[in-house]
Structure formats: structure tokens, C-alpha cells
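Down below is the structure, laid out as C-alpha cells.
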Amino acid sequence: MILKSKLSKNYPMADPKKYLIGSPELLDPVFAGRLAYLAKCKGVKIKLTEGFRSSKRQQELYNMYLQYKRTGKGSIKSAARPGTSWHEFRLAVDTSTYPVRGMNNTQLARYGLCKPIKSEGWHIQPLETKGKSNRKAFAPAEVEEEEEVDTTTITAKMNGKNTKLTSILYKNENYVRLRDLAEAQSDDALEVSWNQATKTVEIKSKQEGKQWTGHQL
Ligand SMILES: [Zn+2]
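For the sequence shown, position 39 (counting from the first letter as 1) is numbered 1111 according to the working numbering, and the numbering increases by one without interruption.
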């Protein structure tokens, strides 16, 4: 799975793996990049006390908070209702690393970051999310990893002549482009064209005068 950020790329970034301790790969990649750049500028590594939180973890924290409210015992004195924490949307981290812990909103804004909760000086979010409530609108999209495509050169015998073609290996089958096939034929024995009017690929074998058509390729 790849995380595709919706945040602006206009703030400088650094390698999260180099400057953040915790699990920066679970955060929005642009947000993590900004935090890493801040760490780089301050000459520190930022330790993430909390980064991405699963909904299960948020539920646990919320239950601990409810228990605190009931009994007055425990260390979790505030927690967002599950589904409403920016941590669950990969857009918040908690850190006690100085000097970041002591920085204010004016200082953080230059890095594209903010501390939206006054009483939580350890909680940092991307600047875009300040004062916003629609978490889904800012959360990174989770996209499937694109499959690596191997290309290779194969030799095909066409009309008795050896011809080199670039082929794509996919699930143990070799695929070549129709147009490459046509171009590889010096005697123009094969013609491939696109008919825009009928939205049809036309394949013509001049030698035999045959024509095939394939629809909507
Ligand atoms: Zn937090």
C-alpha cells in the first residue's frame, strides 16, 4: 500500500526515516517530510510518542479517558472519540523532543506545521488542518502498490526474419505492442492503425490482404 498525500508540497521536506524515531512510514508522507525537515534544521531526531493510531488504539485510549472521568484515576485525561482523532488520519504526532516541544504556532508555521490544541504542546499537525474538522478531506489516499513491470528484449521470427522486439513480462507471459510489431516489419507486411471514428484498432496483413479489427482496446 502507498500513501498519497493531499498536502501542499511547497514546504521543504527531509527523509523521515533519518530524522523521526517511531513509525514515520505510517504517517502522511508529506507531513512526515515536513517534520523531518524541522528535525534536520534543529539538529535533532524527533521521537514520536504517538504517530498514526488505529481506531482500535483510539478506542482503548478513549475507554481509559472515560474511566478517568468516572474515577479520577489514570493518566489519560483527554482523548478524542474514536473516528475523530487526527492521529487516526495519519495527520498528527505527539512528541516531547526539545526544542520542538517548546515551539509555538508562529515558529512552526514556517515549516507547514501547527499545534492546534493550546493545552497540548506536544501535539503537532500539518498547517492546512488547523481549525478544520473534515479529516477525510486531508487524509492521504491509500492506493495499491503498482506492480513492477519487467521489460525484456525478445527475438521473434516474423515472416521468416528474426526481429528484435521489446516485450513486457506479465504473469509469465510476454506482451508486445501491436505498433512495435508493425514497425518491425521492413516490408510493411503488417499495418496497425487507430480508427478514431469507429474507435477501432485496425490490423492489416498486406501480404494476405486480410484485416482484423479489435474493438475498444
Ligand atoms: Zn496527539
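Backbone N, C-alpha and C fix where the C-beta goes; we use that ideal spot for every residue, glycine too.
One thing to note: residue 1092 has its Cβ within 8 Å of the Cβ of residue 1117. According to the DSSP assignment, residue 1128 belongs to the alpha helix (DSSP H) that extends over 1127-1143. In this structure, 1274 is the residue among 1274, 1215, 1180 and 1103 with its C-alpha nearest to the C-alpha of residue 1250.
Around the Cβ of residue 1222, a 10 Å sphere holds fewer than 16 other Cβ atoms; the residue is exposed. Taking C-beta separations shorter than 8 Å and ignoring five residues to either side along the sequence, the partners of residue 1167 in its chain run 1118, 1119, 1120, 1121, 1173, 1194 and 1196, following chain order.
Residue side-chain check: residue 1166 places its Cβ nearer than 7 Å to a non-hydrogen atom of ligand 1. With a cut-off of 8 Å on Cβ pairs, the segment 1144-1157 is not in contact with the segment 1092-1110, counting fewer than three such pairs. Exposure of residue 1191 is indicated by the presence of fewer than 16 other C-beta atoms within 10 angstroms of its C-beta. Between ligand 1 and residue 1192, a heavy atom-to-CB distance of less than 7 Å is present.
Remark: the C-beta of residue 1160 is outside contact range of ligand 1, defined as less than 7 Å to any heavy atom. The distance from the Cβ of residue 1163 to that of residue 1211 is about 6 Å, consistent with a contact at the 8 Å cut-off.
One thing to note: residue 1230 has its Cβ no nearer than 8 Å to the Cβ of residue 1254. For residue 1198, the three-state secondary structure derived from DSSP is strand. Annotation for residue 1242: no alpha helix (DSSP H) segment contains it, though the beta strand (DSSP E) segment containing it runs 1233-1242. Residue 1126 and residue 1088 have their C-alpha atoms roughly 20 Å apart. A distance of 8 Å or more separates the beta carbons of residue 1216 and residue 1079. Short of 6 Å from the beta carbon of residue 1130, and not among the five residues preceding or following it, lie these beta carbons of its own chain, in chain order: 1154, 1157 and 1160. Annotation for residue 1122 indicates a beta carbon within 7 Å of some heavy atom of ligand 1.
For residue 1247, the enclosing beta strand (DSSP E) has its first and last residue at 1245-1247. Residues of the same chain with a CB within less than 7 Å of the CB of residue 1177, apart from the 5 flanking positions on each side, are 1186 and 1187 in chain order. Around residue 1208, the same chain offers 1161 as residues with beta carbons nearer than 8 Å, after the five sequence neighbours per side are excluded.
The C-alpha of residue 1103 is placed about 11 Å away from the C-alpha of residue 1075.
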